[in-house]
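Trainee: I have a structure here, written as structure tokens, and I will follow up with some questions on it.
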Amino acid sequence: MGFAAFATVVFVCLGVWQLQRREWKLDLIARVDARLAAAPVAAPGPDGWAGITADGDAYRRVTATGTYETGHDTLVQAVTELGPGSWVLTPLATAEGFTVLVNRGFAPPDRRTPADIAPPEGPVTVTGLLRVTEPGGAFLRSNDPDAGRWYSRDTAAIATAGGLGAVAPYFIDADADAPGEVPVGGLTVVQFRNSHLVYALTWFALALTSIAITALGLRRERGPSEAGRSGTARSESGRGDTKRVAVGG
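Its first residue numbered 964, the sequence shown is counted upward by one per residue in the working numbering.
Take a look at the structure:
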């Protein structure tokens, strides 16, 4: 019974925790929706890099003006609504003096030669979504800079591999350009899983099940004990009656 009671407490705590996680997720979704609807702001410069976080800045609409550094395109493996292919990341030397990687969009396998993905020359203004760096790689796949195999948009590692020096700890997912152009921008998917209510209900259901099992166990323990006490009482009553009959004779 002690284990069942302990399990009940654990299940209830997990259910409450999931409800708290749900509130956090709903707040995050609301904040991201507000960022997506807001007018773009200037991309953060070096003075603001230390304070950039996923919770506070991801999917903020930003804009930057500068010149693309040709010959430094990096292809990062991607799967999109257009199929498998690569994201094309190109460093943008901004007018403010810092460098930021721009995810110019998606290139299919047959359209990713240097000529296909060459960035425009001269000054450009890029508008898109701020995305926080993705260090390390993807699930079960680590980036391999020496072999030129990239599975995540790790800004620091890409900068080191390309000899770019310091770059922003974020990249910009560029908005879509003219139809038919490669890379294809504007493919960012902004979606958050929010199954916390389902998880909470599952934990609470397990808590109720544990309570029911505990109650059933207690009832079964009382049953034999009460039956034993009742039998003992009847036996003692019978012995008393026998003695009274013997005296009367």
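Glycine included, C-beta positions come from ideal geometry on N, C-alpha and C.
Ile1015 lies in the alpha helix (DSSP H); which residues open and close that run?
Mentor: Segment: none, Ile1015 is in no alpha helix (DSSP H) and carries neither H nor E.
Trainee: Where do the N-terminal and C-terminal ends of the alpha helix (DSSP H) with Ala1120 fall, by residue?
Mentor: Its alpha helix (DSSP H) spans residues Thr1118 to Ala1124.
Trainee: Give me the Cα-Cα distance between Leu982 and Tyr1162, rounded to the nearest whole angstrom.
Mentor: Looking at the two C-alpha atoms, the distance is approximately 9 angstroms.
Trainee: If I measure Cβ to Cβ from Ala970 and keep anything under 6 angstroms in the same chain, skipping five residues before and after, which residues do I get?
Mentor: Ser1173.
Trainee: Does the distance from the C-beta atom of Ile1135 to that of Leu1103 stay below 9 angstroms?
Mentor: Contact flag unset, no.
Trainee: Is Asp1140 helix, strand or coil when you go by DSSP?
Mentor: Coil, per DSSP.
Trainee: Rounded to a whole number of angstroms, what is the C-alpha to C-alpha distance between Phe974 and Arg1156?
Mentor: Roughly 22 angstroms between the two C-alpha positions.
Trainee: DSSP three-state label for Gly1212, please.
Mentor: A caution first: Gly1212 carries a pLDDT of 42, below 50, which makes its placement in the model unreliable, though a value can still be read off. Three-state DSSP puts Gly1212 in coil, outside helix and strand.
Trainee: Are there 16 or more other CB atoms within 10 angstroms of the CB of Gly1011, so buried, or fewer, so exposed?
Mentor: Gly1011 comes out exposed.
Trainee: Could you work out which residue in Gly1034, Val1145 and Thr1118 is closest to Val1130 when comparing CA atoms only?
Mentor: Of the listed residues, the one whose Cα sits closest to Val1130 is Thr1118.
Trainee: Starting from Ala1056, trace the beta strand (DSSP E) both ways and give me its first and last residue.
Mentor: It spans Gly1046 to Thr1057 - the beta strand (DSSP E) in which Ala1056 sits, taken as one unbroken run.
Trainee: Look at the alpha carbon of Leu1045 and the alpha carbon of Gly1148, and state the distance between them as a whole number of angstroms.
Mentor: Rounded to the nearest angstrom, the two C-alpha atoms are 11 angstroms apart.
Trainee: Should Ala1122 be labelled buried (16 or more other beta-carbon atoms within 10 Å of its own) or exposed?
Mentor: Buried.
Trainee: For Ala1001, which residues of its own chain have a beta-carbon under 8 angstroms away from its beta-carbon, when the five flanking residues on both sides are left out?
Mentor: Result list for Ala1001: Arg1023 and Arg1024, in chain order.
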